[in-house]
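In what follows, a single structure is set out as structure tokens and then discussed.
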Ligand code: CA2
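In this note's numbering, the protein residues as written are 13 to 392.
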């Protein structure tokens, strides 16, 4: 694939001012990292930056001949430029919008993006690594483009459906991304797993959900994932989904959500797989205090029991807890304790420890140990 990396106004100043907002990498650093990441995935990348709207429009038009995907940081033009929106729409090249900063958590006018609706995806608030995530997203989209469908009226109530290249009915893996329930982390985190599992014969339903807004919101997140699972019943006929073989697979904080969705959804899953899951929130360690209290909202510490998977056992379904032994973000003990408690409560549950894998490896088909993870997911 040929990727155009396009940067808009003021991004030439990166690394020279406002490092607290945009980090310390210069634009040259960003371009170099993007080149390397694209090459790792087998793609070629060309970069262009301009402070002028017309030049950006011309670059998008020219990309018709030279690019199959665009990674675009329109800078402040994203908040105002219908002309750029139209250019992206007119050329029809899959374009991922990226913002380095968390535009949803700054001045209200930065929350608005008029260019986003013309793009296939938007990534924001992940620093410079968002550019690399945007390249990965284009990569997985090129391998297997999803059908993105709403399951509710909110823009975050959507999910990506990928069907195996075989006649149905298909078993279904519902994927629930992690990221500490927080805004910048969205479902592209699960793109690799979604594409790989679909290639192995399982339909994948990669669910987005409302996240911490900026404090509280656990009810919305849990309700959304549960509704996302339930929405499979209206899709099964058209897409050949086997509702008797649905598995919920959650990563990190997404495992916490996935567990409750598996318990409450109107479509009953036959299994739950936790990948590096936060399953014992009461013993997550002090490093997680801020995250958990942000999710619960002020003064709601007493409700921890309501959102803690280990305290809500038995689940009433079999579970597999997969954990990389090199995980420094969520300790492998979370999975060990969950499996022990699940068995004690009467659930069938098993632990899969993956040597050499860290927190993100358990969702990456390119990482060490992915075969073990994929088998755990399919076996469930
Ligand atoms: O977060 C982003 O990536 C932005 O697209 C960056 C734009 C801003 O206008 C958007 O709202 C969000 C700004 C580009 C960089 O501006 C600088 C300003 C001072 C110092 C360095 C860069």
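All residues carry an ideal CB built from backbone N, CA and C; glycine is no exception. This one's a predicted model, so the numbers in the text were calculated from it and none came from an experiment.
N-terminal and C-terminal residue of the alpha helix (DSSP H) that residue i is part of
i, result
"residue 361", "From DSSP, residue 361 is part of no alpha helix (DSSP H) but of the beta strand (DSSP E) over 361–366."
"residue 162", "Run containing residue 162: none in the alpha helix (DSSP H); it sits in the beta strand (DSSP E), 159–162."
"residue 249", "244–251"
"residue 219", "No alpha helix (DSSP H) contains residue 219, which is instead part of the beta strand (DSSP E) from 215–219."
"residue 42", "39–52"
"residue 319", "316–319"
"residue 356", "345–356"
"residue 304", "301–308"
"residue 122", "120–123"
"residue 115", "Segment: none, residue 115 is in no alpha helix (DSSP H) and carries neither H nor E."
Three-state class that DSSP yields for residue i in the structure shown
i, result
"residue 280", "coil"
"residue 270", "helix"
"residue 238", "helix"
"residue 151", "helix"
"residue 107", "strand"
"residue 325", "coil"
"residue 135", "strand"
"residue 82", "strand"
"residue 257", "strand"
"residue 286", "strand"
"residue 294", "helix"
"residue 371", "coil"
"residue 262", "strand"
"residue 24", "helix"
Inter-residue spacing [alpha-carbon to alpha-carbon] between residue i and residue j
i, j, result
"residue 273", "residue 29", "44 Å"
"residue 91", "residue 218", "28 Å"
"residue 142", "residue 42", "10 Å"
"residue 325", "residue 318", "11 Å"
"residue 16", "residue 88", "19 Å"
"residue 383", "residue 356", "29 Å"
"residue 351", "residue 332", "8 Å"
"residue 23", "residue 39", "7 Å"
"residue 123", "residue 264", "27 Å"
"residue 289", "residue 144", "24 Å"
"residue 386", "residue 197", "22 Å"
"residue 308", "residue 302", "10 Å"
"residue 276", "residue 230", "15 Å"
"residue 174", "residue 202", "12 Å"
Contacting residues, own chain, Cβ-Cβ under 7 Å from residue i (five flanking each side not counted)
i, result
"residue 69", "95, 96, 99"
"residue 33", "113"
"residue 233", "193, 221, 222, 223, 269"
"residue 353", "322, 325"
"residue 365", "335, 337, 344"
Any non-hydrogen atom of ligand 1 within 8 Å of residue i CB
i, result
"residue 91", "yes"
"residue 111", "yes"
"residue 108", "no"
"residue 42", "no"
"residue 96", "no"
"residue 22", "yes"
"residue 295", "no"
"residue 252", "no"
"residue 60", "no"
"residue 126", "no"
"residue 118", "yes"
"residue 196", "no"
"residue 34", "yes"
"residue 85", "yes"
"residue 25", "yes"
"residue 130", "no"
"residue 385", "no"
"residue 364", "no"
"residue 88", "yes"
Proximal residues to residue i (C-beta, below 6 Å), its chain only, five neighbours per side dropped
i, result
"residue 47", "57"
"residue 320", "293, 294"
"residue 211", "none"
Span of the beta strand (DSSP E), counted from its first residue to its last, around residue i
i, result
"residue 56", "56–61"
"residue 66", "Where residue 66 is concerned, there is no enclosing beta strand (DSSP E), although the alpha helix (DSSP H) it sits in stretches over 65–78."
"residue 185", "182–188"
"residue 200", "First-last for residue 200: undefined, no H or E at that position."
"residue 385", "From DSSP, residue 385 is part of no beta strand (DSSP E) but of the alpha helix (DSSP H) over 382–391."
"residue 174", "170–174"
"residue 10", "Any question about residue 10 goes unanswered here, given that the chain covers just 13 to 392."
"residue 336", "331–336"
Own chain residues within Cβ distance below 8 Å of residue i, not counting five before or after
i, result
"residue 199", "171, 172, 187, 189, 218, 219, 220"
"residue 244", "184, 186, 217, 253, 255, 258, 279"
"residue 121", "91"
"residue 71", "16, 18, 60, 62"
Residue-chain proximity (residue i, chain C), Cβ-Cβ < 9 Å
i, result
"residue 305", "Among the chains in the structure shown there is no chain C, since it carries only a single protein chain."
Proximity test, residue i beta-carbon vs ligand 2 heavy atom, cut-off 8 Å
i, result
"residue 122", "This structure lacks ligand 2; its bound ligands are ligand 1."
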